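For the sequence shown, the positions run -28 to -1, 1 to 196 when mature numbering (1 follows the signal peptide of the UniProt record, and there is no 0) is used.
Notes follow once the structure below has been shown.
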Amino acid sequence: MNPIDRRKLLQSAAVIAATAVLPACAQAEDNGNTPNRASAASASASSSNTVKTGGWARVKTLLIVSHPYPDQSVMIKGLQQAAETVDNVTVRNLESIYGFDSRAIDGEAERRITREHDRIVFMFPTHWFNITPMMKAYLNDTWGSVGPGLWQGKEMLIITTAAGGGSTYGKNGRIGVPLADVFLPMKASALHAGMIYLPPLAFEGVTPSRLGEYQRQVVEQLTR
């Protein structure tokens, strides 16, 4: 398959993911709740005519994706599919490559791949106010044994989703800080490694009906 055909195929897949009616047994991202058929239909109606995909990333971008329950993923799966339509983006889904074996990550290979890119994007669902277990293992094995300035001059971007909204995050929420500020350790890691830490793209209170909107924002962020 030539590159043009592959890009068209990925774009079609992203649109299908955004417009498909979710099965009644599928779980909503991060909260374990079962969406009803009405919300699934709403997702289809909202996304069918609005999802925008494709484009060109301004810098060579590496997207590291992780979800602890891939079979239940709706949001992260849809966001990954949208990102795959953007040229100049390399996507590596940790569970697809390594399964759930945190000891299987090939740190040397991952460092080599990272060196080839100028911007590193981490995409994951917020997992108990943290990154996912496989993403933590990835950082341990890929970054853990190297000192300051490892990725000097590269950019870091976090893209994350959370079911909780204003009752959980923000000044008036239970934890008192916005979702983006939950990942201060990732910012510290970026600065320690000599990176430029970009403002996170943090989606709070996610719902299937807004998946198309989230996909557009991801594509816009990657093509800036």
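Note that the Cβ used here is the ideal one computed from N, Cα and C, for glycine as well.
Just so it is clear, the structure is predicted and the values come from calculations on it, not from any experiment.
Checklist entry - Which residues in the same chain as N65 place their Cβ atom closer than 6 Å to its Cβ, once the five residues preceding and following it in sequence are excluded? => result Position 93 of the sequence shown, counted from the first residue, corresponds to residue 65. Result list for N65: V37, in chain order.
Checklist entry - So L34 and I103 are in contact, right, with Cβ under 8 Å, and what is the actual spacing, rounded? => result Here residue 34 corresponds to residue number 62 of the sequence shown, with the count starting at 1. Here residue 103 corresponds to residue number 131 of the sequence shown, with the count starting at 1. About 16 Å; that fails the 8 Å criterion.
Item to check | Bounding residues of the beta strand (DSSP E) (the contiguous stretch that carries residue 197) | outcome: The structure shown does not extend to residue 197, since the chain is modelled only from -28 through 196, so no value can be given for it.
Item to check | According to DSSP, residues forming a beta bridge with I168 | outcome: In the sequence shown, residue 168 corresponds to position 196, counting from 1. The partner list for I168 (beta bridge, DSSP) reads E127.
Checklist entry - Where does F155 sit, in a helix, a strand or coil, going by DSSP? => result Working through the sequence shown from its first residue, we reach residue 155 at position 183. Of the three classes helix, strand and coil, the one that applies to F155 here is helix, per DSSP.
Item to check | Cβ-based burial, R91 [other Cβ within 10 Å; buried from 16] | outcome: By one-based count along the sequence shown, residue 91 stands at place 119. With 16 or more Cβ atoms within 10 Å of its Cβ, R91 is classed as buried.
Checklist entry - In the DSSP assignment, what residue or residues form a beta bridge with I92? => result Taking the sequence shown and counting its residues from 1, the one referred to as residue 92 is at position 120. Paired residue(s): L34 and M128.
Checklist entry - Ordered along the chain, which non-local residues of its own chain (more than five positions away) have a Cβ less than 7 Å from that of V63? => result Taking the sequence shown and counting its residues from 1, one reaches residue 63 at position 91. If we look at V63 and ignore the five residues flanking it on each side, its Cβ neighbours are L35, V37, Q52, A55 and E56.
Checklist entry - Which residue's Cα is closest to the Cα of W100: E127, V191, Y141 and D78? => result Taking the sequence shown and counting its residues from 1, the one referred to as residue 100 is at position 128. Answer by Cα proximity: Y141.
Item to check | Inter-stretch contact (C-beta, 8 Å, three-pair minimum) for the stretch 127 to 143 and the stretch 167 to 181 | outcome: yes
Checklist entry - Roughly how many whole angstroms lie between the Cα atoms of G184 and G136? => result Residue 184 sits at position 212 when you count from the first residue of the sequence shown. Residue 136 sits at position 164 when you count from the first residue of the sequence shown. Roughly 19 Å separates the two Cα atoms.
Checklist entry - If you compare alpha carbons, which of D113, K126 and V154 is closest to A134? => result Taking the first residue of the sequence shown as position 1, residue 134 is located at position 162. Cα-wise, what sits closest to A134 is V154.
Next on the checklist: Between H89, V58 and T114, which has its C-alpha nearest A81's C-alpha?
Outcome noted: As a first step, residue 81 must be located in the sequence shown, where it is residue number 109. A81 has its Cα closest to that of T114, out of H89, V58 and T114.
Next on the checklist: Going by beta-carbon coordinates alone, are V58 and A29 separated by less than 7 Å?
Outcome noted: Here residue 58 refers to the residue found at position 86 when the sequence shown is read from its first residue. Here residue 29 refers to the residue found at position 57 when the sequence shown is read from its first residue. Taking 7 Å as the Cβ cut-off, V58 and A29 qualify as a contacting pair.
Next on the checklist: Going by the DSSP bridge assignment, what does N65 pair with across the sheet?
Outcome noted: Position 93 of the sequence shown, counted from the start, is the residue given in the question as residue 65. Per DSSP, V37.
Next on the checklist: If you reduce the DSSP assignment to three classes, tell me which class L111 lands in.
Outcome noted: Residue numbering aside, residue 111 sits at position 139 when the sequence shown is read from its first letter. It is helical.
Checklist entry - Looking at the structure shown, is P150 part of a helix, part of a strand, or coil, going by DSSP? => result On the sequence shown, residue 150 is found 178 positions in, with the first residue counted as 1. DSSP places P150 in coil when its eight states are reduced to three.
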